[in-house]
Amino acid sequence: MQNEDTIEHTGTVKSVENKHITVNILSHPACSGCIASGICDLSGRANKEIIASAGPEVKAGDQVIVVMKRSMGFKALFLGYLLPFIIVMLILIVLTSLSVSESVSGITALFSLVPYYVIIYLRKEKVGKSYSFTIKKLIK
Numbered sequence: 030m031q032n033e034d035t036i037e038h039t040g041t042v043k044s045v046e047n048k049h050i051t052v053n054i055l056s057h058p059a060c061s062g063c064i065a066s067g068i069c070d071l072s073g074r075a076n077k078e079i080i081a082s083a084g085p086e087v088k089a090g091d092q093v094i095v096v097m098k099r100s101m102g103f104k105a106l107f108l109g110y111l112l113p114f115i116i117v118m119l120i121l122i123v124l125t126s127l128s129v130s131e132s133v134s135g136i137t138a139l140f141s142l143v144p145y146y147v148i149i150y151l152r153k154e155k156v157g158k159s160y161s162f163t164i165k166k167l168i169k
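In this text, residue positions in the sequence shown follow my numbering: the first is 30, and each later residue adds one.
Now the structure itself:
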C-alpha cells in the first residue's frame, strides 16, 4: 500500500551483493499518470536498474517493491534543475547590470555550470548517500 510521502515501484531482484540489492524495474504506462512522473527518473525509460539498501531476505528473481521518499525526488529536482537555473540567471543578471555585453554574459552564465556540475560529480559519493532506496518484499 503506497503512502502519500513515498514513491513505490515494483521490480525484480537482479543480484544481492554485500549490503546492496540491485533491482530491475520495468516502467508501466501507469507511470505517465503518476503525480511524481515529472521528477521520478523511472517514468522516462522502459527498464531501470536501482541499487537499494539491503532489507528483507531476498534472492535474485524475487519480486520486490522499491520505495523512495517523495522529498528525495524534490531534492534531486532542486539540485539537477532549479539550482543550476538560479545560478545561470543570477550570473546573467549581475553581468548585464555591470554593462557586460549580452553575448559574453550569456556564454559566461552557461559556462558557470561547468564548475557546478564538476563539484556535484566530485561529491557524488556524499550526494548519493543522501538518496537511498529501500525495498519491501512483495508477498504473493
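All C-beta atoms, glycine included, are put in the ideal place defined by N, C-alpha and C.
Excluding five sequence positions before and after Ser159, the CB atoms of its chain that fall closer than 8 Å to its own CB belong to Met101, Lys104, given in chain order. At a Cβ-Cβ threshold of 8 Å, Leu119 and Ile149 do not count as neighbours. Separation of the CB atoms of Val96 and Lys165 is rounded to 6 Å, and the pair is thereby assigned contact status at 8 Å. Note on the region 65-126: whole alpha helix (DSSP H) runs with a minimum of 4 residues are 99-106, 112-126, in chain order.
The region 84-99 makes contact with the region 34-44: 3 or more CB pairs, one atom from each, lie closer than 8 Å.
Rounded to whole angstroms, the separation of the alpha carbons of Val123 and Thr137 is 11 Å.
In the three-state reduction of the DSSP assignment, Val42 falls in the strand class.
About 12 Å separates the CB atoms of Thr51 and Gly90; that is not less than 8 Å, and the two are not in contact. Val45 and Lys88 do touch by the CB rule: their CB atoms are close to 6 Å apart, below 8 Å.
Leu55: member of the beta strand (DSSP E) spanning 49-55, first to last residue. Excluding residues up to 5 positions away in sequence, Thr51, Asn53 lie with their Cβ nearer than 6 Å to the Cβ of Lys43 in the same chain. Val117 is a Cβ neighbour of Leu142, given a cutoff of 8 Å. Within a 10 Å sphere around the beta-carbon of Val93 sit 16 or more other beta-carbons, which makes this residue buried.
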